[in-house]
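Engineer: What follows is a structure written as structure tokens; I'll ask about it next.
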Amino acid sequence: MSRMANSPVRIPKGVEAALRGSEITVTGGKGNLQLALPVEVQVEQGDDGLRVISRGNSRRANAMTGTIHSLLRNMMVGVSEGFEKKLELRGVGYRARAEGSKLNLTVGYSHAINYAVPAGVKVVTPSQTEIVVSGADKQQVGQVAAEIRMFRPPEPYKGKGIRYVGERVFSKEAKKK
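Throughout the sequence shown, residue numbering follows numbering that gives the first Met the number 0, covering 0 to 176 in sequence.
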């Protein structure tokens, strides 16, 4: 069994966790999240928090205890504090503008790209070259940020494109004759 799964998942103040059969619902200030539990794992609620217990000694059951423990911990952080990913645009004329549940990107193509932001995720553009993706679900925030980045990934010669803040793009040397 995972060493992390031996310790309970603490429930922060202002967060409620409800177990219903093989599904757990976590509700907090930033929203509510649900997780369907696999058959190999059982979750018990105690005074110190949620405890993840393996229902067997198989390799998959042991792996799933650590995975579910990590997912539960991410759910607790997500509904109490939330997650965010920051992207930056580099390139002449590259701009981003958030309009409600749509993100309008101008990234060097002959047309503007309109990206429909899924429910549960919030996209903000503090400036024309910055994008902040935030929400309660860590996986969904990361997926939306990756989808936005894929519209124009950073290229290795000039570094133009959409990249994560702090991401280092290795530059290649131009081809010589």
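All residues carry an ideal CB built from backbone N, CA and C; glycine is no exception. Note that the coordinates shown come from a computational prediction; the quantities given were computed from them, not determined experimentally.
Which runs of the beta strand (DSSP E) fall wholly inside the segment 31-77 and span at least 3 residues, in chain order?
Structural biologist: 40-44, 49-53
Engineer: Rounded to a whole number of angstroms, what is the C-alpha to C-alpha distance between Glu166 and Gly158?
Structural biologist: Translated into positions along the sequence shown, residue 166 becomes position 167. Translated into positions along the sequence shown, residue 158 becomes position 159. One C-alpha to the other measures close to 11 Å.
Engineer: Between the C-alpha atoms of Asn61 and His68, what's the straight-line distance to the nearest angstrom?
Structural biologist: In the sequence shown, counting from the first residue as 1, residue 61 sits at position 62. In the sequence shown, counting from the first residue as 1, residue 68 sits at position 69. Rounded to the nearest angstrom, the two C-alpha atoms are 11 Å apart.
Engineer: Considering only residues of the same chain and omitting the five flanking positions on each side of Val221, which have a CB-CB separation below 6 Å?
Structural biologist: With the chain running from 0 to 176 in the structure shown, residue 221 is simply not present.
Engineer: Taking 6 Å as the limit between beta carbons, can you name the residues of its chain near Met63, skipping five residues before and five after?
Structural biologist: On the sequence shown, residue 63 is found 64 positions in, with the first residue counted as 1. The residues are Pro37, Glu39, Val40.
Engineer: On the three-state DSSP scale, how would you describe Glu146?
Structural biologist: Within the sequence shown, the letter at position 147 stands for residue 146. Glu146: helix per DSSP, three-state reduction.
Engineer: Is Ser21 helix, strand or coil by DSSP?
Structural biologist: Position 22 of the sequence shown holds residue 21. Coil at Ser21, not helix or strand.
Engineer: Give me the DSSP bridge partner(s) of Ala4.
Structural biologist: On the sequence shown, position 5 is the one that residue 4 refers to. Note: Ala4 sits in no beta bridge, so no partner.
Engineer: Measure the CB-CB distance between Val78 and Lys101 and report whether it falls below 8 Å.
Structural biologist: Residue numbering aside, residue 78 sits at position 79 when the sequence shown is read from its first letter. Residue numbering aside, residue 101 sits at position 102 when the sequence shown is read from its first letter. In this structure, Lys101 does not lie closer than 8 Å to Val78 by Cβ.
Engineer: Could you name the residues of the same chain whose beta carbon sits closer than 6 Å to that of Gln127, not counting the 5 residues immediately before and after it, in chain order?
Structural biologist: Here the question's residue 127 lines up with position 128 in the sequence shown. These residues qualify, in order along the chain: Arg94.
Engineer: What do you reckon, are the CB atoms on Phe169 and Pro152 nearer than 8 Å?
Structural biologist: Translated into the one-based positions of the sequence shown, residue 169 becomes position 170. Translated into the one-based positions of the sequence shown, residue 152 becomes position 153. Against a cut-off of 8 Å, the Cβ pair of Pro152 and Phe169 comes out as no contact.
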